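This report refers to the structure that appears directly beneath it.
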Amino acid sequence: MKRLAPELRKDGVELDLISLIRTILAACKDISFRVGQADLSGVLGSTLNENIQGETQKKLDILSNQLLKDMLLESGFVRAIASEEEDYIVEGEHGGRFLVAFDPLDGSSNIDVNSLTGTIFSILPVPEDKLDGTPITEQDFLQPGRNQVAAGYVMYGPSTILALTTGKGVDFYTLDKTHGSFLKTRDNIAIPEETKEFAINSSNQHKWDIPMQRYIRDILDGKAGIRGKNFNMRWIACMVGDVHRILCRGGIFTYPAHTDNPEKPNKLRLLYEANPMGMLVEQAGGLVSTGEQNILDLQPTELHERVPVILGSKQEVKICLDYHNQ
Ligand code: AHG
Ligand code: MN
Ligand code: MN
Ligand code: MN
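The opening residue of the sequence shown carries number 226 in this note's numbering; numbering runs sequentially from there.
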């Protein structure tokens with residue numbers, strides 16, 4: 226049985242970081258249980274609140290956020306947290322050398338229809354000059370994705386699966402619900418470089434920019450077209466689910482900018498969606514880009530910043546980028 230902590234120790238991961246990851250997983254186990262109880266414990270449905278991005282918060286968005294926030298800030302390993310469901314950063318009282326940005330429940334629109342959801346997390350170091358206890362500010366979270374010391378997601382599906390990277394590849398752990406441990410079930414995940422599968426919300430086609438229009442049109446032309454092969458399409462409406470499929474069998478996932486709304490052109494959030502998923506995909510041999518730049522090299526400018534995302538199988542992402550560079 227390959228338990229998480231000994232496996233991470235073998236990889237040379239420092240003890241505080243292991244304890245922090247275990248704290249996240251303790252909260253995720255609780256979330257997994259509550260997602261599974263669904264109507265039995267009255268957790269489905271929406272609240273009357275909106276988050277800072279103007280999305281109506283589901284009961285499970287708020288519950289998951291509260292569980293993660295409380296456990297992380299009490300753990301002693303985390304100086305401050307940032308979350309999709311918190312307008313501002315929250316600093317803990319118990320010290321710690323890490324910052325955690327998270328999407329407590331990804332795929333909120335799937336909650337009420339018993340489909341895939343997940344939790345995404347990104348772990349950053351506390352900047353050197355703040356290790357003396359100087360208060361943390363939003364600015365301290367605005368580090369490029371390259372600075373992440375670990376990133377991952379927990380997917381709440383037929384099984385509860387953790388995908389984790391500490392910068393030494395990507396491993397999957399499955400929650401053994403008989404005794405509550407995450408056990409390593411696959412290691413050194415490698416995304417196939419080529420693919421015939423793409424994921425995009427096609428209902429937004431009229432909003433895409435010209436390069437994305439051309440790229441998808443050529444895919445849809447199939448074997449007879451310039452790409453010379455037939456593609457298959459998948460869209461789970463949960464980034465965790467789509468990225469998990471890509472880690473398992475390859476593919477390209479994109480959420481491009483929408484040209485109809487210059488004020489708010491993008492959907493996915495840099496700090497707690499694009500960056501952690503970017504680190505996982507890159508660690509599994511894939512590519513991740515905005516269409517112009519590698520996502521992990523972006524200098525964030527605000528906490529809830531949103532970016533266009535193209536990620537997945539290396540060769541396919543490169544082909545998509547060629548359309549953008551023409
Ligand atoms: P969240 O539920 O955390 O707000 O994230 C939803 C995101 C992401 O999971 C998914 O890929 C995308 O939004 C789905 O968008 P559509 O509603 O356009 O399908
Ligand atoms: Mn949301
Ligand atoms: Mn999300
Ligand atoms: Mn969310």
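The beta-carbon is built from N, C-alpha and C at its ideal position, and this holds for glycine as well. Just so we're clear, the structure is a prediction, and the values are computed from it rather than from any experiment.
Opposing strand residues paired with residue i [DSSP bridges]
i: residue 499; result: Paired residue(s): none; residue 499 is not in a bridge.
i: residue 512; result: 537
i: residue 305; result: 316 and 324
i: residue 293; result: For residue 293, which the question treats as bridged, DSSP gives no partner whatsoever.
i: residue 331; result: 343
i: residue 381; result: 342 and 385
i: residue 396; result: 389
i: residue 228; result: 408
i: residue 519; result: 514
i: residue 494; result: 531
CA-to-CA distance, residue j to residue i, given in whole angstroms
i: residue 468; j: residue 534; result: 12 Å
i: residue 309; j: residue 229; result: 27 Å
i: residue 348; j: residue 449; result: 45 Å
i: residue 295; j: residue 358; result: 20 Å
i: residue 458; j: residue 433; result: 17 Å
i: residue 238; j: residue 391; result: 7 Å
i: residue 236; j: residue 411; result: 15 Å
i: residue 526; j: residue 346; result: 19 Å
i: residue 497; j: residue 307; result: 8 Å
i: residue 285; j: residue 270; result: 8 Å
i: residue 355; j: residue 320; result: 11 Å
i: residue 287; j: residue 329; result: 8 Å
i: residue 302; j: residue 378; result: 19 Å
i: residue 254; j: residue 279; result: 28 Å
i: residue 426; j: residue 477; result: 12 Å
i: residue 454; j: residue 260; result: 39 Å
i: residue 233; j: residue 300; result: 19 Å
i: residue 241; j: residue 464; result: 28 Å
i: residue 257; j: residue 461; result: 18 Å
i: residue 264; j: residue 226; result: 34 Å
i: residue 290; j: residue 342; result: 14 Å
i: residue 370; j: residue 362; result: 18 Å
i: residue 268; j: residue 452; result: 46 Å
i: residue 528; j: residue 473; result: 30 Å
i: residue 372; j: residue 522; result: 9 Å
i: residue 231; j: residue 443; result: 48 Å
i: residue 502; j: residue 446; result: 29 Å
Reference residue i, options the options, closest by Cα
i: residue 436; options: 247, 363 and 551; result: 551
i: residue 366; options: 341, 416 and 524; result: 524
i: residue 277; options: 256, 253 and 489; result: 489
i: residue 408; options: 438, 532, 386 and 373; result: 386
i: residue 429; options: 420, 441, 548 and 421; result: 441
i: residue 505; options: 226, 314, 313 and 394; result: 394
i: residue 364; options: 316, 341 and 339; result: 316
i: residue 492; options: 474, 256, 331 and 353; result: 331
i: residue 368; options: 486, 495 and 538; result: 495
i: residue 487; options: 338, 532 and 313; result: 532
i: residue 297; options: 267, 396, 248 and 549; result: 248
i: residue 420; options: 336, 231, 541 and 376; result: 541
i: residue 518; options: 360, 530 and 549; result: 549
i: residue 337; options: 403, 314, 311 and 272; result: 272
i: residue 312; options: 266, 543, 250 and 530; result: 530
i: residue 340; options: 423, 318, 466 and 443; result: 466
i: residue 545; options: 508, 482, 439 and 431; result: 439
i: residue 344; options: 406, 250 and 353; result: 250
i: residue 508; options: 479, 360, 536 and 405; result: 536
For residue j and residue i, believed in contact at Cβ under 8 Å, the rounded distance
i: residue 400; j: residue 323; result: Not confirmed; about 23 Å, so no contact.
i: residue 416; j: residue 516; result: No, residue 416 and residue 516 are not in contact; Cβ-Cβ is about 19 Å, not under 8 Å.
i: residue 274; j: residue 282; result: 5 Å
i: residue 389; j: residue 398; result: 7 Å
i: residue 304; j: residue 374; result: Their Cβ separation, rounded to whole angstroms, is 13 Å, which puts residue 304 and residue 374 out of contact at 8 Å.
i: residue 500; j: residue 520; result: 7 Å
i: residue 252; j: residue 292; result: 5 Å
i: residue 418; j: residue 538; result: 6 Å
9 Å Cβ cutoff, residue i in contact with chain C
i: residue 318; result: Although the question refers to chain C, the structure presented lacks it and comprises just one protein chain.
Give, in chain order, every unbroken run of the alpha helix (DSSP H) that is at least 4 residues long and sits entirely within the segment 399 to 480.
435 to 445 and 464 to 474
3-residue-minimum beta strand (DSSP E) runs that sit fully inside the segment 338 to 379, ordered along the chain:
342 to 350
Go through the segment 237 to 293 residue by residue and report every complete run of the alpha helix (DSSP H) that reaches 4 residues or more, in order.
240 to 262
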